[in-house]
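Data block below; observations after.
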Amino acid sequence: MPAAQQPPASTQTPTAPKPSKAASTRAAILGAATELLSEHGVRGVTVEAVAESADVSLGLLYYHFENRQDLIRAALAEALANYAYRRPSTELPPAERLRAALSQHIGVDAEAARQDRVYAEAMRAAAFDPAIRPALAQTLTGWNGGMTRLVTAAVPGLAETHPEAAAEAATALTALVDGLQQRVRSSLLPAERGLELLGLATGAVLEGGASDAD
Amino acid sequence: MPTETQKPASKRDRILAAAAQVIGERGLDAFVVKDITALAGVTPQLTYYHFPNRQALVRGVFQYAAERAPSVNLLHLDREASGYEALRGALHAEFDDSPEVRDLNLIWNEVTALPIEDPELAEAVRRATERWNEQVTIGILRGLADGSIVTAAAPQAVAELLTALVEGLSQRWLAGLISPDDARRTLDVVLSTIRRARSGRDQAAQSLP
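Pasting the structure below:
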């Protein structure tokens, strides 16, 4: 594990550091934790590994975070707040933009796969820890909202069937992406097959919306 | 609920039922084997005899959950319904807050959510996923045969897509982000695209929440 080259000067006492230093120490700990999280998952986030990677003492770590669970919650919230998907070029037609935006999560793009791993970790942890849900819900709402706008742009008539139709279609597609992505990550499904199935569903959902107007 | 439990459950099954409950409550990382033996009312020695280590127990309980998945078993029970309705009912049955169904889903989700380290478990997951896809494919073929389903896509592809969607929705439901009803409604958005519409009005009605 690569240790930081220049340890910050804060290697002594766990007693009340000055606010600015405290904030940067906290940020360093969180940074190390989110790094470990995206590489090794929640299981890889032990207080020892985080302290070593952030180059702080265990005492200082415990000054900032009550326990491992507290640290994991904060790291997941931090990672989810920075969760950002690539926005496909606005020069593409809306339907293509939608496909591209969804496809980036099916295991081909390394950076997206890293972020998605953290998202999946948060999803799994939230089943047992309700404190993780708000950050996760916010990420999901943002993602669904972005895809809803693309669905609306791709099939302008959809809102005429009923007002929630675009949001429902977008939600179904993001849920499918979550399911496919999980199988790709677990090597149960080749990424190409995942993309093929996603294309099939996207086509069906958009077309279904379009043909309702017939 | 399928009534296959006519004969008294074997000790092994009792251990697995207890394990499903304990893991459903605590998760794979946090469960304690002692809680399972206590709940099953068996000795630690007997548990050890059937499951010599934690990995073996996890494999056992995954298999147990996979065999009892509602959408694998219900699909062929509803002989009266159209193929489409039987398929829809079976997939909807996965989203259920009753502890028995929730625990099964949780175990499946715990095992499959992240890359699987134990190769034997990974193989069991691959087989269980294949079997699930096969059962749903058969359900789709039944709907194609009775005319309640129409699709230009390969039934196998539609099945894979539907089971992946159920898994994606299941994660959100178990994480407390959506209700079982939300999950079913979202599933219907995709399911309705393979439903044979008898008239334009029917199709519109179908896609309403």
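These protein sequences, in sequence, are chains A and B.
Residue numbers are given in this note's numbering: position 135 of the first sequence equals residue 135, and the series is strictly consecutive.
Residue numbers are given in this note's numbering: position 117 of the second sequence equals residue 331, and the series is strictly consecutive.
Beta carbons are placed, not taken as given, at the ideal position from N, Cα and C, and that holds for glycine.
How about residue i and residue j: do their beta carbons lie closer than 8 Å?
| i | j | result |
| --- | --- | --- |
| G194 (chain A) | L206 (chain A) | no |
| V380 (chain B) | L401 (chain B) | yes |
| L176 (chain A) | L375 (chain B) | yes |
| L272 (chain B) | L242 (chain B) | The sequence given here places Val at residue 272 (chain B); Leu does not occur at that position. Cβ atoms of V272 (chain B) and L242 (chain B): closer than 8 Å. |
| A49 (chain A) | A28 (chain A) | no |
| V256 (chain B) | E168 (chain A) | no |
| L391 (chain B) | L98 (chain A) | no |
| L150 (chain A) | A101 (chain A) | yes |
| R345 (chain B) | L318 (chain B) | no |
| A75 (chain A) | A135 (chain A) | no |
| L197 (chain A) | A378 (chain B) | yes |
| A373 (chain B) | T407 (chain B) | no |
| G353 (chain B) | L301 (chain B) | yes |
| A166 (chain A) | T148 (chain A) | yes |
When you compare only the Cα positions, how much space is there between residue i and residue j?
| i | j | result |
| --- | --- | --- |
| R386 (chain B) | E239 (chain B) | 17 Å |
| A233 (chain B) | F128 (chain A) | 17 Å |
| I237 (chain B) | F245 (chain B) | 6 Å |
| L61 (chain A) | A191 (chain A) | 39 Å |
| I229 (chain B) | L320 (chain B) | 17 Å |
| N347 (chain B) | A153 (chain A) | 33 Å |
| R26 (chain A) | S103 (chain A) | 35 Å |
| A79 (chain A) | G142 (chain A) | 14 Å |
| E218 (chain B) | L260 (chain B) | Bear in mind that a pLDDT of 48 at E218 (chain B), under 50, signals an unreliable position, so the number given afterwards is only what the model happens to contain. C-alpha separation (whole angstroms): 24 Å. |
| A252 (chain B) | L158 (chain A) | 55 Å |
| V315 (chain B) | T174 (chain A) | 24 Å |
| E52 (chain A) | V118 (chain A) | 21 Å |
| N82 (chain A) | A254 (chain B) | 45 Å |
| V247 (chain B) | A280 (chain B) | 21 Å |
| I250 (chain B) | Y278 (chain B) | 15 Å |
| Y262 (chain B) | A342 (chain B) | 25 Å |
| R133 (chain A) | M123 (chain A) | 8 Å |
| T202 (chain A) | V184 (chain A) | 18 Å |
| A95 (chain A) | S224 (chain B) | 55 Å |
| P313 (chain B) | A307 (chain B) | 13 Å |
| T365 (chain B) | A137 (chain A) | 34 Å |
| L30 (chain A) | A411 (chain B) | 53 Å |
| S187 (chain A) | D332 (chain B) | 13 Å |
Could you please give me the residues that DSSP links to residue i through a beta bridge?
| i | result |
| --- | --- |
| R133 (chain A) | R133 (chain A) pairs with nothing; no bridge assigned. |
| R409 (chain B) | B:I363 |
Could you pull out every residue in the same chain whose Cβ sits closer than 8 Å to the Cβ of residue i, ignoring the five residues on either side in sequence?
| i | result |
| --- | --- |
| A84 (chain A) | Q115 |
| N323 (chain B) | E381, S384, Q385 and L388 |
| V108 (chain A) | A191 and L195 |
| I330 (chain B) | A336 and V339 |
| A112 (chain A) | Y85, R86, Q104 and H105 |
| V45 (chain A) | A33, L36, L37, R68, L71, I72 and A75 |
Does residue i pass the burial test, meaning 16 or more other C-beta atoms within 10 Å, or should it be called exposed?
| i | result |
| --- | --- |
| D311 (chain B) | exposed |
| A20 (chain A) | According to the sequence displayed, residue 20 (chain A) carries Ser and not Ala. It counts as exposed. |
| T326 (chain B) | buried |
| A110 (chain A) | exposed |
| R73 (chain A) | buried |
| Q269 (chain B) | exposed |
| Q182 (chain A) | buried |
| P163 (chain A) | exposed |
| T90 (chain A) | exposed |
| Q235 (chain B) | buried |
| G145 (chain A) | exposed |
| P394 (chain B) | buried |
| L37 (chain A) | buried |
| P369 (chain B) | buried |
| R398 (chain B) | buried |
| A359 (chain B) | exposed |
| A170 (chain A) | buried |
| L92 (chain A) | exposed |
Leaving aside the five residues before and after residue i along the sequence, list all residues of the same chain whose C-beta is less than 7 Å from its C-beta, in chain order.
| i | result |
| --- | --- |
| D178 (chain A) | none |
| V42 (chain A) | I72, E121 and A125 |
| E334 (chain B) | R273 |
| Q349 (chain B) | V286 and L289 |
| Y298 (chain B) | G357, S362, I363 and R409 |
| H40 (chain A) | none |
| A172 (chain A) | V205 |
| A32 (chain A) | V50, S53 and A54 |
| V47 (chain A) | L58, L61, R68 and L71 |
| V275 (chain B) | L230, A233, A234, I237 and I321 |
| P284 (chain B) | A304, A307, E308 and V315 |
| R226 (chain B) | H264 |
Can you find a C-beta in chain C that's less than 8 Å from the C-beta of residue i?
| i | result |
| --- | --- |
| E294 (chain B) | Looking at the structure shown, chain C is missing, and the protein chains on hand are A and B. |
Only counting the same chain, and skipping five residues up and downstream in sequence, which positions put a Cβ closer than 6 Å to that of residue i?
| i | result |
| --- | --- |
| P8 (chain A) | Below a pLDDT of 50, predicted positions are generally treated as unreliable, and P8 (chain A), at 46, falls in that range; no measurement from the model is reported. |
| F65 (chain A) | L71 |
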